[in-house]
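Participant: In this text, residue positions in the sequence shown follow the UniProt record's numbering: the first is 1, and each later residue adds one. Glycine included, every Cβ here is placed at the ideal spot set by N, Cα and C. This one's a predicted model, so the numbers in the text were calculated from it and none came from an experiment. Please find one structure pasted underneath; my questions will follow.
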Amino acid sequence: MPVYKYRDRIVDAVSENQVVIVVGETGSGKTTQILQYLYESGYGRDRVLACTQPRRVAAISVATRVAEEMNTVIGQVVGYTIRFDDATSELTRIRYMTDGIFLREFLQSPELEKYSVVMIDEAHERTISTDILLGLIKEICKLRSDLKVLISSATLDSEKFSKYFNDAPIIQIPGRLYPVDIYYTNSPEGDYADAVVATVLQIHVTQAVPGDILAFLPGQDDIEYVMEVLNERILGLGDAIGTRVPYILLLPIYANLPNDQQRKIFHPTPPRTRKVVLATNIAETSITIDGIVYVVDTGMCKINTYDSKMGMESLAVTSISRASADQRAGRAGRTGPGKCFRLYTKPYYELEMEATAAPEIQRSNLCSTI
């Protein structure tokens, strides 16, 4: 992993500074390796090393991976905590959890006495919980000079985090990214869900290079619709072309999917099979799925918005930012050269998409948070 060669630099930076900013693409190893380096350097001797994640599936999958690498089982040296599931014990020294869980723990124990290191991962996503945590941690750092803090981001917006934490040092870890060919549509797609179906089948039949497909859709209802249509089309596809193309294994991934179902996307793809993962933006940066060669990007996502005049919150389908589009394309270049099929035009990407998405705190009702 790219992070390996930065081990000594990271450990030294944490030793010499209270706050360190780490910038590294998904797949660079920052989430799984950095806390191991610090644990081996003695930071877990008397206290716990914590890492927050914006999503449950990321907390579970990362903790599982780290436990395997350390030759232990979940709940001993390495554990995770999500809502309704606490897989930790008195032996746990590396703990992964959602940012919401850590925020509630912070409010109950403001000085974080049990922790020696806190790593806020995927800070670029700017969830409400993450933003509030950053503010609280800045204040706690004044009271606990021994607390070490790492702010991890997958995008190059690290300067704002550095300035917020009094010009904290920045360590940039290059991603393990191969070339990705990007294809655009000539005109806007009328129905993005049907366009995903057509594009997935076209890739499956015409692309000679083996590899799995990751398709981004706005929400659960879109994913379920595309799965239903693809299952119908696959049956007809087999009758039409016989056995010369691999079998298709359809797997969904979205926030409300049960944990055991979410984990299936990480299982190795069976022989003579192409895995097709239908995902929301949960798969943009929080998780790494091995074997993805092709990405299909609708350019859309669902976000929670608050209408102050109506006093109501709603889920709205909206365009993603260019930063998100770049992250999605990057999923295709993790293990080798890949291809990204964008279901929108190049002028739309260059001229109409915002550079970055607005932080959640700017578009949500904060009453429950306060």
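Looking at the structure shown, is residue 53 part of a helix, part of a strand, or coil, going by DSSP?
Facilitator: Residue numbering aside, residue 53 sits at position 53 when the sequence shown is read from its first letter. It is a strand residue.
Participant: Distance, Cα to Cα, residue 316 vs residue 300?
Facilitator: By 1-based counting over the sequence shown, the position of residue 316 is 316. By 1-based counting over the sequence shown, the position of residue 300 is 300. So the alpha carbons of these two residues sit roughly 10 Å apart.
Participant: Where does residue 223 sit, in a helix, a strand or coil, going by DSSP?
Facilitator: The residue you call residue 223 lines up with position 223 of the sequence shown. Three-state DSSP puts residue 223 in a helix.
Participant: For residue 15, does the count of other Cβ atoms within 10 angstroms reach 16, so buried, or fall short, so exposed?
Facilitator: In the sequence shown, residue 15 corresponds to position 15, counting from 1. Answer is exposed; the Cβ neighbour count stays below 16.
Participant: Can you say whether residue 67 is buried or exposed, counting buried as having 16 or more other CB atoms within 10 angstroms of its CB?
Facilitator: Taking the first residue of the sequence shown as position 1, residue 67 is located at position 67. Looking at its Cβ environment, which holds 16 or more other Cβ atoms inside 10 Å, residue 67 is buried.
Participant: What is the rounded straight-line gap between the Cα of residue 124 and the Cα of residue 177?
Facilitator: Here residue 124 refers to the residue found at position 124 of the sequence shown. Here residue 177 refers to the residue found at position 177 of the sequence shown. Distance between the alpha carbons of residue 124 and residue 177 is about 19 Å.
Participant: Using 10 angstroms around the beta-carbon of residue 30, count the other beta-carbons present and answer buried if the total reaches 16, otherwise exposed.
Facilitator: As a working note, residue 30 is residue 30 in the sequence shown. The residue is buried, with at least 16 neighbouring Cβ atoms inside 10 Å.
Participant: When burial is assigned at 16 or more other CB atoms within 10 Å of the CB, is residue 40 buried or exposed?
Facilitator: Mapped onto the sequence shown, residue 40 falls at position 40. That one is exposed.
Participant: So residue 325 is in the alpha helix (DSSP H); what residue range does that whole segment cover?
Facilitator: Mapped onto the sequence shown, residue 325 falls at position 325. From DSSP, the alpha helix (DSSP H) with residue 325 extends over 322-330.
Participant: Should residue 54 be labelled buried (16 or more other beta-carbon atoms within 10 Å of its own) or exposed?
Facilitator: By 1-based counting over the sequence shown, the position of residue 54 is 54. Classification of residue 54: buried, given that the 10 Å Cβ count is 16 or more.
Participant: State the Cα-Cα distance for the pair residue 196 and residue 268, rounded to the nearest angstrom.
Facilitator: By 1-based counting over the sequence shown, the position of residue 196 is 196. By 1-based counting over the sequence shown, the position of residue 268 is 268. So the alpha carbons of these two residues sit roughly 23 Å apart.
Participant: Rounded to the nearest angstrom, how far is the Cβ of residue 288 from that of residue 27, given a contact under 8 Å?
Facilitator: Against the sequence shown, residue 288 aligns to sequence position 288. Against the sequence shown, residue 27 aligns to sequence position 27. At roughly 5 Å, the Cβ-Cβ gap stays under 8 Å, so residue 288 and residue 27 are in contact.
Participant: Tell me the DSSP secondary structure of residue 373 in three-state form.
Facilitator: Residue 373 is absent from the model: the chain starts at 1 and stops at 370.
Participant: Distance, Cα to Cα, residue 170 vs residue 74?
Facilitator: Locating residue 170 in the sequence shown gives position 170, counting from the first residue. Locating residue 74 in the sequence shown gives position 74, counting from the first residue. Distance between the alpha carbons of residue 170 and residue 74 is about 31 Å.
Participant: Between 46, 85, 96 and 211, which has its C-alpha nearest residue 33's C-alpha?
Facilitator: The residue labelled residue 33 in the question sits at position 33 within the sequence shown. The residue with the shortest Cα to Cα distance from residue 33 is 96.
Participant: If you follow the alpha helix (DSSP H) that residue 342 is part of, which residue opens it and which one closes it?
Facilitator: To locate residue 342, count along the sequence shown from 1; it is residue 342. Note, residue 342: premise wrong, no alpha helix (DSSP H); beta strand (DSSP E) at 338-342.
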